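Residue numbers (the UniProt record's numbering): 1 to 286.
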(Lines of atoms letter the chains of each structure in order from A and count residues from 1; the text may use other names and numbers.)
(Lines give C-alpha, C1' and ligand atoms only; values in the text may rest on other atoms or scores of the structure.)
Protein backbone atom coordinates (compact mmCIF):
# COMPACT_ATOMS: atom_id res chain seq x y z
CA UNK A 1 0.00 0.00 0.00
CA UNK A 2 1.20 3.49 -0.78
CA UNK A 3 0.35 7.07 0.01
CA UNK A 4 0.51 10.02 -2.38
CA UNK A 5 2.65 13.15 -2.09
CA UNK A 6 1.60 16.25 -4.00
CA UNK A 7 4.61 18.52 -4.35
CA UNK A 8 4.28 21.88 -6.05
CA UNK A 9 7.93 22.70 -5.40
CA UNK A 10 9.11 20.00 -7.79
CA UNK A 11 6.23 20.42 -10.20
CA UNK A 12 5.49 16.70 -10.20
CA UNK A 13 3.14 14.18 -8.66
CA UNK A 14 5.06 11.53 -6.71
CA UNK A 15 3.51 8.14 -6.05
CA UNK A 16 4.61 4.98 -4.28
CA UNK A 17 5.73 6.47 -0.99
CA UNK A 18 5.09 3.77 1.64
CA UNK A 19 2.80 4.40 4.56
CA UNK A 20 4.55 5.52 7.74
CA UNK A 21 4.06 2.12 9.36
CA UNK A 22 5.88 0.34 6.51
CA UNK A 23 9.48 -0.76 7.00
CA UNK A 24 10.76 1.11 3.94
CA UNK A 25 9.06 4.42 4.74
CA UNK A 26 12.11 6.25 6.12
CA UNK A 27 14.60 4.98 3.53
CA UNK A 28 12.29 5.83 0.61
CA UNK A 29 11.55 9.26 2.07
CA UNK A 30 15.25 9.94 2.76
CA UNK A 31 16.19 9.06 -0.83
CA UNK A 32 13.33 11.17 -2.13
CA UNK A 33 14.49 14.19 -0.09
CA UNK A 34 18.06 13.79 -1.32
CA UNK A 35 17.07 13.47 -4.97
CA UNK A 36 14.74 16.48 -4.83
CA UNK A 37 16.80 18.75 -2.53
CA UNK A 38 14.12 18.85 0.15
CA UNK A 39 15.23 20.95 3.14
CA UNK A 40 12.20 20.79 5.42
CA UNK A 41 9.51 18.25 6.33
CA UNK A 42 6.26 19.40 7.98
CA UNK A 43 4.23 16.35 9.08
CA UNK A 44 0.52 16.79 9.71
CA UNK A 45 -0.72 13.49 11.13
CA UNK A 46 0.07 11.38 14.18
CA UNK A 47 1.28 8.26 12.40
CA UNK A 48 3.90 10.14 10.42
CA UNK A 49 5.10 12.63 13.02
CA UNK A 50 5.97 9.88 15.51
CA UNK A 51 8.05 7.89 13.01
CA UNK A 52 9.74 11.00 11.65
CA UNK A 53 10.64 12.25 15.11
CA UNK A 54 12.65 9.16 16.02
CA UNK A 55 14.45 9.25 12.66
CA UNK A 56 15.45 12.93 12.62
CA UNK A 57 19.11 12.04 12.08
CA UNK A 58 18.30 10.39 8.74
CA UNK A 59 16.20 13.18 7.24
CA UNK A 60 16.22 16.93 6.59
CA UNK A 61 14.93 19.29 9.26
CA UNK A 62 11.65 17.94 10.64
CA UNK A 63 9.10 20.12 12.40
CA UNK A 64 8.43 17.74 15.24
CA UNK A 65 8.75 17.73 19.00
CA UNK A 66 10.94 15.19 20.75
CA UNK A 67 9.76 11.55 20.85
CA UNK A 68 9.05 11.74 24.61
CA UNK A 69 6.74 14.72 24.11
CA UNK A 70 4.93 12.92 21.30
CA UNK A 71 4.62 9.79 23.45
CA UNK A 72 2.89 11.73 26.22
CA UNK A 73 0.57 13.76 24.02
CA UNK A 74 -0.19 10.69 21.93
CA UNK A 75 -1.62 9.02 25.03
CA UNK A 76 -4.58 10.82 26.61
CA UNK A 77 -4.05 9.17 29.98
CA UNK A 78 -0.37 10.17 30.12
CA UNK A 79 -1.44 13.68 29.13
CA UNK A 80 -3.95 13.73 31.98
CA UNK A 81 -1.29 12.56 34.45
CA UNK A 82 1.20 15.19 33.26
CA UNK A 83 -1.33 18.01 33.45
CA UNK A 84 -2.52 16.92 36.89
CA UNK A 85 1.02 16.90 38.26
CA UNK A 86 1.61 20.38 36.79
CA UNK A 87 -1.74 21.76 38.09
CA UNK A 88 -2.97 22.34 34.53
CA UNK A 89 -6.72 21.74 34.05
CA UNK A 90 -7.70 18.62 32.11
CA UNK A 91 -10.81 16.50 31.74
CA UNK A 92 -11.24 14.02 34.60
CA UNK A 93 -9.80 10.78 33.23
CA UNK A 94 -9.61 7.19 34.45
CA UNK A 95 -8.60 3.78 33.21
CA UNK A 96 -11.40 1.18 33.06
CA UNK A 97 -9.62 -0.84 35.76
CA UNK A 98 -9.66 2.19 38.08
CA UNK A 99 -13.30 3.19 37.82
CA UNK A 100 -16.15 0.76 38.36
CA UNK A 101 -18.95 3.01 39.62
CA UNK A 102 -19.43 6.04 37.39
CA UNK A 103 -22.06 8.59 38.35
CA UNK A 104 -21.36 11.22 35.67
CA UNK A 105 -21.69 11.45 31.87
CA UNK A 106 -18.57 10.14 30.17
CA UNK A 107 -16.89 9.13 26.95
CA UNK A 108 -14.96 5.90 26.53
CA UNK A 109 -12.29 6.14 23.84
CA UNK A 110 -8.86 4.75 22.95
CA UNK A 111 -5.96 6.26 24.88
CA UNK A 112 -3.99 6.53 21.66
CA UNK A 113 -6.85 7.01 19.24
CA UNK A 114 -7.45 9.98 16.99
CA UNK A 115 -9.96 11.06 14.37
CA UNK A 116 -13.01 10.33 16.59
CA UNK A 117 -12.71 6.58 16.00
CA UNK A 118 -14.01 3.88 18.36
CA UNK A 119 -15.59 6.24 20.88
CA UNK A 120 -18.57 5.33 23.06
CA UNK A 121 -20.91 7.57 25.04
CA UNK A 122 -21.93 6.28 28.47
CA UNK A 123 -21.48 2.56 27.68
CA UNK A 124 -22.71 0.09 30.30
CA UNK A 125 -20.15 -2.62 29.52
CA UNK A 126 -16.97 -0.96 30.81
CA UNK A 127 -15.62 -4.31 31.99
CA UNK A 128 -15.35 -5.36 28.35
CA UNK A 129 -12.66 -2.73 27.75
CA UNK A 130 -9.01 -2.92 28.73
CA UNK A 131 -6.69 -0.17 29.91
CA UNK A 132 -5.83 0.72 26.32
CA UNK A 133 -9.04 2.78 26.63
CA UNK A 134 -9.72 5.80 28.80
CA UNK A 135 -12.82 7.07 30.58
CA UNK A 136 -13.19 10.86 30.26
CA UNK A 137 -15.84 12.95 31.93
CA UNK A 138 -18.17 14.48 29.34
CA UNK A 139 -18.46 18.26 29.72
CA UNK A 140 -21.21 20.37 28.21
CA UNK A 141 -20.22 23.63 26.57
CA UNK A 142 -18.44 25.19 23.62
CA UNK A 143 -15.78 23.06 21.96
CA UNK A 144 -12.59 24.92 21.05
CA UNK A 145 -9.67 23.95 18.87
CA UNK A 146 -6.70 26.14 19.80
CA UNK A 147 -3.71 26.33 17.51
CA UNK A 148 -0.52 27.70 19.06
CA UNK A 149 3.11 28.04 18.07
CA UNK A 150 6.23 27.55 20.19
CA UNK A 151 9.54 29.03 19.02
CA UNK A 152 13.02 27.47 19.12
CA UNK A 153 13.57 29.44 22.32
CA UNK A 154 10.60 27.59 23.86
CA UNK A 155 8.46 30.73 23.92
CA UNK A 156 4.76 30.84 23.14
CA UNK A 157 4.64 32.98 19.99
CA UNK A 158 0.87 33.21 19.81
CA UNK A 159 -2.37 31.30 19.45
CA UNK A 160 -5.80 31.37 17.88
CA UNK A 161 -8.91 29.67 19.24
CA UNK A 162 -11.73 28.55 16.98
CA UNK A 163 -15.11 27.48 18.28
CA UNK A 164 -16.27 24.39 16.45
CA UNK A 165 -19.81 23.29 15.74
CA UNK A 166 -21.64 21.14 13.26
CA UNK A 167 -20.75 17.63 12.15
CA UNK A 168 -19.50 15.93 8.96
CA UNK A 169 -19.88 16.35 6.06
CA UNK A 170 -19.73 20.03 7.05
CA UNK A 171 -18.10 21.72 10.03
CA UNK A 172 -18.35 25.37 10.95
CA UNK A 173 -15.70 27.38 12.77
CA UNK A 174 -15.76 30.83 14.31
CA UNK A 175 -12.83 32.83 15.68
CA UNK A 176 -13.21 32.71 19.46
CA UNK A 177 -12.23 35.94 21.19
CA UNK A 178 -13.36 35.29 24.76
CA UNK A 179 -11.20 34.11 27.69
CA UNK A 180 -7.98 35.08 25.90
CA UNK A 181 -6.02 35.65 29.12
CA UNK A 182 -7.15 32.34 30.62
CA UNK A 183 -6.26 30.45 27.43
CA UNK A 184 -2.87 32.15 27.28
CA UNK A 185 -2.14 31.17 30.90
CA UNK A 186 -2.95 27.51 30.19
CA UNK A 187 -0.77 27.44 27.08
CA UNK A 188 2.16 29.06 28.88
CA UNK A 189 1.92 26.47 31.64
CA UNK A 190 1.97 23.70 29.04
CA UNK A 191 5.03 25.19 27.33
CA UNK A 192 6.79 25.52 30.70
CA UNK A 193 5.96 21.91 31.58
CA UNK A 194 7.02 19.98 28.49
CA UNK A 195 9.23 20.87 25.47
CA UNK A 196 7.24 21.61 22.31
CA UNK A 197 8.64 22.45 18.89
CA UNK A 198 6.65 24.50 16.40
CA UNK A 199 2.88 24.13 15.90
CA UNK A 200 0.63 22.40 18.40
CA UNK A 201 -3.10 22.09 18.97
CA UNK A 202 -5.15 22.01 22.17
CA UNK A 203 -8.72 20.68 22.22
CA UNK A 204 -10.91 21.87 25.07
CA UNK A 205 -14.41 22.68 26.28
CA UNK A 206 -15.57 26.00 27.73
CA UNK A 207 -18.29 25.06 30.21
CA UNK A 208 -21.36 27.07 31.14
CA UNK A 209 -19.43 28.17 34.25
CA UNK A 210 -16.66 29.56 32.01
CA UNK A 211 -14.22 26.83 32.98
CA UNK A 212 -11.73 25.89 30.27
CA UNK A 213 -11.26 22.12 30.29
CA UNK A 214 -8.62 20.69 27.92
CA UNK A 215 -9.18 17.08 26.87
CA UNK A 216 -6.60 16.40 24.15
CA UNK A 217 -3.33 17.73 22.74
CA UNK A 218 -2.22 17.15 19.15
CA UNK A 219 1.48 17.92 18.91
CA UNK A 220 1.58 18.70 15.21
CA UNK A 221 0.24 21.03 12.56
CA UNK A 222 -3.54 21.23 12.94
CA UNK A 223 -6.02 20.38 10.22
CA UNK A 224 -7.61 23.79 10.80
CA UNK A 225 -4.36 25.67 10.11
CA UNK A 226 -5.61 26.80 6.71
CA UNK A 227 -8.63 28.41 8.35
CA UNK A 228 -6.53 30.16 10.98
CA UNK A 229 -4.21 31.44 8.26
CA UNK A 230 -7.03 33.48 6.74
CA UNK A 231 -7.71 35.09 10.13
CA UNK A 232 -4.12 36.12 10.85
CA UNK A 233 -2.55 33.15 12.65
CA UNK A 234 -0.10 31.77 10.09
CA UNK A 235 1.83 28.92 11.65
CA UNK A 236 3.12 27.63 8.30
CA UNK A 237 4.71 31.04 7.75
CA UNK A 238 6.20 30.96 11.26
CA UNK A 239 7.76 27.55 10.49
CA UNK A 240 9.29 28.75 7.23
CA UNK A 241 10.65 31.94 8.79
CA UNK A 242 12.24 30.13 11.72
CA UNK A 243 13.47 26.90 10.15
CA UNK A 244 14.04 27.68 6.47
CA UNK A 245 14.54 31.39 5.88
CA UNK A 246 16.13 32.42 9.22
CA UNK A 247 13.85 35.44 9.38
CA UNK A 248 12.17 37.11 12.32
CA UNK A 249 8.74 35.66 12.95
CA UNK A 250 5.88 38.04 12.12
CA UNK A 251 3.51 38.73 14.96
CA UNK A 252 0.00 37.28 14.65
CA UNK A 253 -2.53 39.88 13.52
CA UNK A 254 -5.81 38.24 14.40
CA UNK A 255 -9.13 39.17 12.85
CA UNK A 256 -12.64 37.93 13.53
CA UNK A 257 -14.61 35.74 11.17
CA UNK A 258 -16.09 32.33 10.58
CA UNK A 259 -15.57 29.52 8.11
CA UNK A 260 -17.44 26.52 6.76
CA UNK A 261 -15.56 23.37 5.84
CA UNK A 262 -17.35 20.70 3.86
CA UNK A 263 -17.23 18.20 1.05
CA UNK A 264 -18.92 18.36 -2.31
CA UNK A 265 -19.30 16.19 -5.38
CA UNK A 266 -17.92 17.40 -8.70
CA UNK A 267 -19.39 15.57 -11.68
CA UNK A 268 -17.80 15.55 -15.16
CA UNK A 269 -20.39 14.25 -17.64
CA UNK A 270 -19.12 12.26 -20.64
CA UNK A 271 -15.51 12.19 -19.35
CA UNK A 272 -14.06 8.69 -19.01
CA UNK A 273 -10.85 9.52 -17.09
CA UNK A 274 -9.50 12.50 -15.16
CA UNK A 275 -6.66 12.72 -17.68
CA UNK A 276 -9.21 14.05 -20.20
CA UNK A 277 -9.99 17.13 -18.10
CA UNK A 278 -9.16 20.58 -19.41
CA UNK A 279 -9.82 24.18 -18.42
CA UNK A 280 -12.95 24.16 -20.60
CA UNK A 281 -14.43 20.92 -19.25
CA UNK A 282 -18.01 21.38 -18.09
CA UNK A 283 -18.90 20.07 -14.66
CA UNK A 284 -21.65 19.94 -12.06
CA UNK A 285 -20.88 20.70 -8.42
CA UNK A 286 -23.14 20.04 -5.44
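Ideal Cβ positions, reconstructed from N, Cα and C, are used throughout, including at glycine.
Here the structure is a predicted model, which means the values were calculated and not measured.
For residue 180, the three-state secondary structure derived from DSSP is helix. Selection 263, 262 and 277 evaluated against residue 269 yields 277 as nearest (Cα-Cα).
Using a C-beta cut-off of 8 Å, the region 75-87 makes no contact with the region 96-103, since fewer than three inter-stretch Cβ pairs fall below that distance.
Residue 159 holds the alpha-carbon nearest to the alpha-carbon of residue 182 among 30, 25, 159 and 219. Between the region 62-70 and the region 100-116, the count of Cβ pairs shorter than 8 Å is below three; the stretches do not touch.
Residue 217 is positioned such that its CB atom lies no closer than 8 Å to that of residue 240.
Going by beta carbons, residue 90 and residue 214 fall inside the 8 Å limit. Under the three-pair Cβ rule at 8 Å, the region 104-120 counts as touching the region 130-139.
Here the region 116-125 does not lie against the region 142-152, with fewer than 3 beta-carbon pairs under 8 Å apart. Within the UniProt domain "ATP-grasp fold PylC-type" (74-224), the beta strand (DSSP E) runs of at least 3 residues that lie entirely inside it are, in chain order, 106-110, 133-137, 141-150, 156-167, 170-176, 198-207 and 212-218. Nearest C-alpha to residue 231 among 157, 255, 122 and 237: 255. Note: residue 58 is not bridge-paired with any residue in the DSSP secondary-structure output.
Just measuring C-alpha positions, the residue of 27, 248 and 273 sitting nearest residue 57 is 27. DSSP places residue 259 inside the beta strand (DSSP E), whose first and last residues are 258-262. The beta-carbon distance between residue 187 and residue 173, rounded to whole angstroms, is 19 Å. This is too long to meet the 8 Å contact definition. Secondary structure note for residue 277: it is in no alpha helix (DSSP H), with a DSSP letter that is neither H nor E. Relative to the Cα of residue 140, the nearest Cα in the group 125, 107 and 74 belongs to 107. Under the criterion of beta carbons closer than 8 Å, residue 77 and residue 93 qualify as touching, at roughly 6 Å.
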